[in-house]
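Colleague:
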RNA sequence: GCGAGGGUAGCCAAGUCUGGUCAAAGGCGCAGGGCUUAGGACCCUGUCGGUUAGUCCGUUCGGCGGUUCGAAUCCGCCCCCUCGCACCA
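In my numbering, the protein residues as written are 48 to 983.
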């Protein structure tokens with residue numbers, strides 16, 4: 048059966064019936080969203096997963112009777128769209144090819160080049176068409192695009208930032224970023240040719256002085272300053288004298304260039320450092336005289352090109368000194384061996400006084416030639432000292448832990464004016480092939496996420512929120528703790544300017560934190576064509592917080608009073624967000640910001656109620672990636688398999704935070720099950736039986752069980768479990784039932800119809816199209832509505848056992864068939880002891896001698912029955928909490944079935960006995976933990 | 001480095017919170033059988049080793065220890081894997 052033929056048929060009917068349009072009403076609402084996609088391409092399977100999960104939940108809630116709002120907008124701010132347009136304009140062949148791949152014509156592309164808007168709208172069209180074809184139950188009247196493409200939305204962002212600033216949540220400050228001097232913009236990880244993962248590191252510059260000059264020694268270990276023996280400069284490096292914040296610094300030329308982006312730097316002249324060798328500079332902390340020596344290991348491209356030497360703790364320094372000593376060059380520089388004797392300033396476990404010296408010896412390092420070993424030694428020692436070392440011989444800092452002292456020392460020294468900070472980054476090369484360095488951005492705008500009060504409220508709200516799966520909660524808590532101030536503005540890309548400082552644009556993560564509130568307004572704004580200028584801050588204040596007088600606000604803004612009232616009504620009714628469903632990658636950023644901003648901007652009652660997080664999508668077990676070429680467009684899957692099979696294959700494949708997997712192969716498995724169901728939906732009339740027998744009652748009880756477990760799984764978005772029980776388990780039951788009754792004709796009509804109908808309803812959120820079709824096949828005139836409720840009174844004793852029951856019954860039927868073949872003289876069906884026998888056997892297996900002895904005694908006493916059981920029970924009280932596996936009455940029902948069956952198939956004598964009461968020892972011994980069959 | 005999540009039979013994956021119905025669900029693969037002109041689909045059976053008609057015994061849940069009458073599950077240490085660490089959507 049090819050189910051895709053039903054897709055458009057039902058989609059049209061839904062549309063006609065306005066099934067997904069949510070309006071203010073008296074009913075209970077449920078507001079669900081998933082993050083709006085960035086529209087620089089069409090949707091692929093990865094998008095599909097989050098989208099389908101959201102839709103499944105939306106449909107489920109709708110069936111439950113909620114007035115579900117499920118809107119959808121699109122995201123277009125920031126750099127990528129501009130990047131695409133730029134590449135198109137540059138004639139980038141692969142980009143043009145990609146666009147053709149997405150179905151863009153030459154004419155389309157010409158349009159994109161002229162205006163990025165055209166590109167955005169092109170993809171939005173694709174998105175909407177694909178989502179509709181996928182059967183998404185979205186209220187499209189509320190769509191919009193960020194930010195400047197929808198000026199009213201841009202106005203909304205302005206209100207957001209004005210309000211945040213007013214409340215003190217936006218502050219200004221400086222911030223180091225990795226910077227491309229050619230592009231004149233920050234170079235994020237994804238913009239890099241080399242150096243992914245490199246981030247700015249703060250070197251401490253200790254200002255050694257020499258005759259009015261400053262030699263700013265760059266170090267990551269300022270706590271070792273008391274162990275400095277000499278200063279290193281590279282005789283082959285180009286140094287300059289520069290005016291840095293009013294001081295005369297001697298630094299490498301490269302350093303001077305870089306520092307221009309961090310301090311006020313003016314290069315005065317070249318400086319020949321050779322004249323310094325052998326001279327003494329002054330240690331700014333303890334005023335010691337420190338000889339200046341040459342060494343080529345000092346890189347001019349790392350920090351200042353001025354390095355202090357701590358031979359006791361730095362392998363490089365010791366190796367450099369060894370080189371000088373080997374070549375007997377020390378005296379050339381007016382320096383004695385005793386002047387540079389290593390000074391130990393860190394006590395560390397596992398090493399003696401001079402760890403670097405020891406380590407060099409151990410690793411056979413004799414000079415600077417073996418940089419690999421030196422690097423290894425350096426990193427090893429640095430880690431060891433940082434984590435376990437204690438400072439010594441260092442004046443007031445003696446006795447403090449290295450990892451604690453570092454920060455303190457730095458602050459102290461800066462305060463005293465003897466130190467500065469210089470930001471440096473490892474090798475980073477921009478996409479434009481330019482080497483990057485660190486720039487301090489001045490006057491950057493920040494969201495003050497570090498604010499403890501703010502965090503407190505966020506934590507409080509988190510604790511009352513629904514989080515699916517529960518494991519994700521840890522992640523949120525941790526993110527909240529760890530979050531620092533976040534730069535929320537950029538100088539380039541698309542977006543809304545910061546209203547009070549228009550040279551900055553609100554950065555794209557920061558303009559997407561409360562847009563769900565805009566959905567509640569979007570319908571009216573779109574339909575009434577509300578002008579952006581009428582949406583003043585006062586209007587938004589009124590809508591979102593109720594502040595101000597309706598009439599005055601309307602008058603001042605020139606917004607129609609009725610519209611203003613309706614906007615407020617929509618927001619009041621639909622807000623807050625009840626469930627936001629998203630990929631796990633957004634936990635550390637978007638989803639957490641979403642919470643922060645809501646807490647800052649809205650009244651408590653409007654704070655988010657729930658978040659659900661899902662994993663990524665793999666394709667055939669592999670990660671999706673451009674390079675593997677395994678990114679599957681959603682559209683092609685829909686065309687191939689139809690919406691329903693795609694939906695259930697994705698949503699049913701995984702749950703929780705685990706990654707989903709798109710496996711073509713498993714579509715088959717689903718299709719088979721649906722074939723069975725579909726067949727029944729048309730053939731149910733062939734069932735003729737009307738008498739309710741045990742097996743029919745059992746099926747009804749079993750159905751209640753399925754409703755219960757499916758509903759519970761659905762509620763917490765455990766969709767794989769839900770599919771497992773509503774589809775696989777249920778169809779297995781049906782097949783089993785039909786096998787037991789012999790054929791469809793012998794099946795109970797009522798049971799078949801009820802069972803099929805309920806299963807169809809349970810599966811509707813996953814496969815809405817084919818379910819509607821089956822529902823109508825079952826003779827229903829109206830479309831599906833309502834969610835089945837389970838009736839616990841119908842959960843007969845048997846069904847309490849759930850799946851075990853079925854399995855065991857089935858096994859017994861197989862056994863029975865075997866028995867029939869063996870042609871026994873007599874068959875005894877017996878009821879066994881219940882679970883306690885299992886426990887009893889476990890005890891027997893126990894290796895513990897004492898227990899073994901005890902139980903053996905019990906055994907030999909012949910007390911098989913209740914006495915034994917109660918003895919064990921009293922011994923292990925815990926066991927009392929356990930539920931019986933299968934009660935005798937349940938067994939009896941099954942055995943009666945078995946008896947009937949056997950009587951049909953054979954003419955052997957059959958009796959049912961209770962193993963607990965029987966005098967038949969053989970049966971007793973044979974029986975212990977399974978009810979069943981015994982023959983003679 | 002900091003933080004989060006994991007490691008279960010050939011593979012995927014439940015079970016872990018709340019220890020005993022766990023030799024451990026389910027699926028895939030594989031083997032045998034049924035059905036079929038054949039293939040596919042479907043239905044049975046088996047799938048840690050050894051044994052029984054039904055059973056029982058032995059050895060398993062990353063590694064090593066511990067708690068317990070009893071550990072895949074609780075505790076400690078160790079090893080390994082995946083992901084995130086920001087101005088980027």
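Every residue, glycine too, gets a C-beta built ideally from N, C-alpha and C.
Going by the CB atoms, is the gap between residue 266 and residue 251 shorter than 8 angstroms?
Modeller: The residue given as residue 251 occupies position 204 in the first chain. The residue given as residue 266 occupies position 219 in the first chain. Yes; because the gap between Cβ atoms is below 8 angstroms, this pair is in contact.
Colleague: I'd like the span of the beta strand (DSSP E) that includes residue 221, first residue to last.
Modeller: Reading the first chain from its first residue, position 174 is the one you call residue 221. The continuous beta strand (DSSP E) containing residue 221 extends over residues 217-227.
Colleague: Mind checking whether residue 542 and residue 271 have CB atoms under 8 angstroms apart?
Modeller: Position 495 of the first chain, counting from 1, holds the residue named residue 542. Position 224 of the first chain, counting from 1, holds the residue named residue 271. No; because the gap between Cβ atoms is not below 8 angstroms, this pair is not in contact.
Colleague: Take the Cβ of residue 259 as the centre, count every other Cβ of all protein chains shown within 10 Å, and call the residue buried at 16 or more, exposed below.
Modeller: Here the question's residue 259 lines up with position 212 in the first chain. Around the CB of residue 259, fewer than 16 other CB atoms lie within 10 Å, so the residue is classed as exposed.
Colleague: Roughly how many whole angstroms lie between the Cα atoms of residue 680 and residue 555?
Modeller: Here the question's residue 680 lines up with position 633 in the first chain. Here the question's residue 555 lines up with position 508 in the first chain. Per the coordinates, the alpha-carbon of residue 680 lies some 25 angstroms from the alpha-carbon of residue 555.
Colleague: Taking the alpha-carbon of residue 658 as reference, which of 415, 686, 625, 690 has the nearest alpha-carbon?
Modeller: Here residue 658 corresponds to residue number 611 of the first chain, with the count starting at 1. When each option's Cα is compared against that of residue 658, the closest is 625.
Colleague: Assess, as a yes-or-no matter, whether the region 550-569 is touched by the region 215-230 under the definition of 3 or more beta carbon pairs within less than 8 angstroms.
Modeller: Using a C-beta cut-off of 8 angstroms, the region 215-230 makes no contact with the region 550-569, since fewer than three inter-stretch Cβ pairs fall below that distance.
Colleague: Need the endpoints of the alpha helix (DSSP H) that residue 204 sits in, please.
Modeller: The residue you call residue 204 lines up with position 157 of the first chain. Annotation: the continuous alpha helix (DSSP H) that includes residue 204 extends over 198-213.
Colleague: For the putative contact between residue 817 and residue 705, defined by C-beta atoms under 8 angstroms, what is the C-beta separation to the nearest angstrom?
Modeller: Numbered from its first residue, the first chain carries residue 817 at position 770. Numbered from its first residue, the first chain carries residue 705 at position 658. Their Cβ separation, rounded to whole angstroms, is 27 angstroms, which puts residue 817 and residue 705 out of contact at 8 angstroms.
Colleague: Could you check whether residue 631 and residue 665 sit closer than 8 angstroms to each other, using their CB atoms as the reference points?
Modeller: Here residue 665 is taken as the residue at index 618 of the first chain, counted from 1. Here residue 631 is taken as the residue at index 584 of the first chain, counted from 1. No, Cβ-Cβ distance for residue 665 and residue 631 is not below 8 angstroms.
Colleague: Note down, one range per segment and in chain order, each beta strand (DSSP E) of at least 3 residues found wholly within the region 252-326.
Modeller: Every beta strand (DSSP E) stretch that sits fully inside the region 252-326 and reaches 3 residues is listed by chain position as 260-266, 277-280, 286-291, 294-299, 312-318.
Colleague: Residue 630 lies in the beta strand (DSSP E); which residues open and close that run?
Modeller: Within the first chain, residue 630 is the residue found at index 583, counting from 1. Segment 626-630, the beta strand (DSSP E) holding residue 630.
Colleague: Compute the Euclidean distance between the alpha carbons of residue 825 and residue 788, then round it to the nearest angstrom.
Modeller: Against the first chain, residue 825 aligns to sequence position 778. Against the first chain, residue 788 aligns to sequence position 741. Cα to Cα, the separation comes out at about 21 angstroms.
Colleague: Would you call the CB atoms of residue 530 and residue 224 closer than 8 angstroms?
Modeller: In the first chain, the residue the question calls residue 530 occupies position 483. In the first chain, the residue the question calls residue 224 occupies position 177. In this structure, residue 224 does not lie closer than 8 angstroms to residue 530 by Cβ.
Colleague: Leaving out five residues before and five after residue 586 in sequence, what residues of the same chain have Cβ atoms less than 7 angstroms from its Cβ?
Modeller: As a working mapping, residue 586 is identified with position 539 in the first chain. Once the five neighbours on either side are set aside, the close Cβ partners of residue 586 are 600, 604, 606, 611.
Colleague: From residue 738 to residue 780, what does the alpha carbon distance come to, in whole angstroms?
Modeller: Translated into positions along the first chain, residue 738 becomes position 691. Translated into positions along the first chain, residue 780 becomes position 733. C-alpha separation (whole angstroms): 19 angstroms.
Colleague: Using a Cβ-Cβ cut-off of 8 angstroms (strictly less than) and excluding sequence neighbours within five positions of residue 485, which residues of its own chain qualify?
Modeller: The residue labelled residue 485 in the question sits at position 438 within the first chain. Annotation for residue 485: 223, 224, 225, 226, 247, 305, 308, 309, 470, 471, 472 place their beta carbon closer than 8 angstroms to its own, counting only its chain and skipping 5 residues before and after.
Colleague: Could you tell me which residues DSSP pairs with residue 534 in its beta bridges?
Modeller: Along the first chain, one-based indexing puts residue 534 at 487. Residue 534 is bridged to 493.
Colleague: Tell me which residue opens and which closes the beta strand (DSSP E) that residue 589 is part of.
Modeller: Position 542 of the first chain holds residue 589. Where residue 589 is concerned, there is no enclosing beta strand (DSSP E), although the alpha helix (DSSP H) it sits in stretches over 584-592.
Colleague: Alpha carbon to alpha carbon, what distance is there between residue 254 and residue 356?
Modeller: Counting from 1 along the first chain, the entry for residue 356 is found at position 309. Counting from 1 along the first chain, the entry for residue 254 is found at position 207. Using only the alpha carbons, I get a separation of about 14 angstroms.
Colleague: Using DSSP with H/G/I as helix, E/B as strand and the rest coil, what is residue 49?
Modeller: For this step, residue 49 is matched to residue 2 along the first chain. In this structure, residue 49 counts as coil in the three-state DSSP scheme.
Colleague: Using only alpha-carbon positions, find the residue among 292, 815, 492, 730 that is nearest to residue 537.
Modeller: The count along the first chain starts at 1 and reaches residue 537 at position 490. When only C-alpha atoms are compared, the closest one is 492.
Colleague: Which residue spans inside the region 672-740 form an unbroken beta strand (DSSP E) run of at least 3?
Modeller: 707-709
Colleague: For residue 612, write down the residues that DSSP places opposite it in a beta bridge.
Modeller: Taking the first residue of the first chain as 1, we reach residue 612 at position 565. According to DSSP, which records beta bridges pairwise, residue 612 is partnered with nothing at all.
Colleague: Distance check for residue 214 and residue 359, CA to CA, integer angstroms please.
Modeller: Taking the first residue of the first chain as 1, we reach residue 359 at position 312. Taking the first residue of the first chain as 1, we reach residue 214 at position 167. The alpha-carbon atoms of residue 359 and residue 214 are separated by roughly 52 angstroms.
Colleague: Hey, would you say residue 97 sits closer than 8 angstroms to residue 772, going by beta carbons?
Modeller: Position 50 of the first chain, counting from 1, holds the residue named residue 97. Position 725 of the first chain, counting from 1, holds the residue named residue 772. Going by C-beta atoms, residue 97 is not nearer than 8 angstroms to residue 772.
Colleague: To the nearest angstrom, how far is it from the Cα of residue 638 to the Cα of residue 239?
Modeller: Translated into the one-based positions of the first chain, residue 638 becomes position 591. Translated into the one-based positions of the first chain, residue 239 becomes position 192. If you take the alpha carbons of residue 638 and residue 239, they lie about 26 angstroms apart.
Colleague: I'd like to confirm the pairing. Which residues does DSSP put opposite residue 394 in its beta bridges?
Modeller: Counted from its first residue, the first chain places residue 394 at position 347. Looking at the DSSP assignment, residue 394 forms a beta bridge with 437.
Colleague: Under DSSP, the beta strand (DSSP E) around residue 76 begins and ends at which residues?
Modeller: The residue given as residue 76 occupies position 29 in the first chain. Under the DSSP assignment, residue 76 falls in the beta strand (DSSP E) whose first and last residues are 76-80.
Colleague: Taking one C-beta from the region 723-737 and one from the region 747-767 each time, how about it: are there three or more such pairs within less than 8 angstroms?
Modeller: With the cut-off at 8 angstroms, the region 723-737 and the region 747-767 do not touch.
Colleague: If you compare alpha carbons, which of 820, 365, 812 is closest to residue 833?
Modeller: Counting from one through the first chain, the residue named residue 833 turns up at place 786. Comparing Cα-Cα distances from residue 833 to each of 820, 365, 812, the minimum goes to 812.
Colleague: Can you tell which of 733, 122, 95 has the C-alpha that lies nearest to the C-alpha of residue 799?
Modeller: Counting from one through the first chain, the residue named residue 799 turns up at place 752. The candidate whose alpha carbon is nearest that of residue 799 is 733.
Colleague: So which of 50, 52, 59 has the shortest CA-CA distance to residue 830?
Modeller: Indexing the first chain from 1 puts residue 830 at position 783. It is 59 whose Cα lies nearest to the Cα of residue 830.
Colleague: Is it buried or exposed, residue 442, if we count other Cβ atoms within 10 angstroms and call 16 or more buried?
Modeller: Counted from its first residue, the first chain places residue 442 at position 395. Exposed, because fewer than 16 other Cβ atoms sit within 10 Å of the Cβ of residue 442.
Colleague: Return helix, strand or coil for residue 407, following the three-state DSSP convention.
Modeller: Translated into the one-based positions of the first chain, residue 407 becomes position 360. In the three-state scheme derived from DSSP, where H, G and I count as helix and E and B as strand, residue 407 is classed as helix.
Colleague: Assign residue 764 to buried or exposed, taking buried as 16 or more other Cβ atoms, counted over all protein chains shown, within 10 Å of its Cβ.
Modeller: In the first chain, the residue the question calls residue 764 occupies position 717. Flag for residue 764 reads buried.
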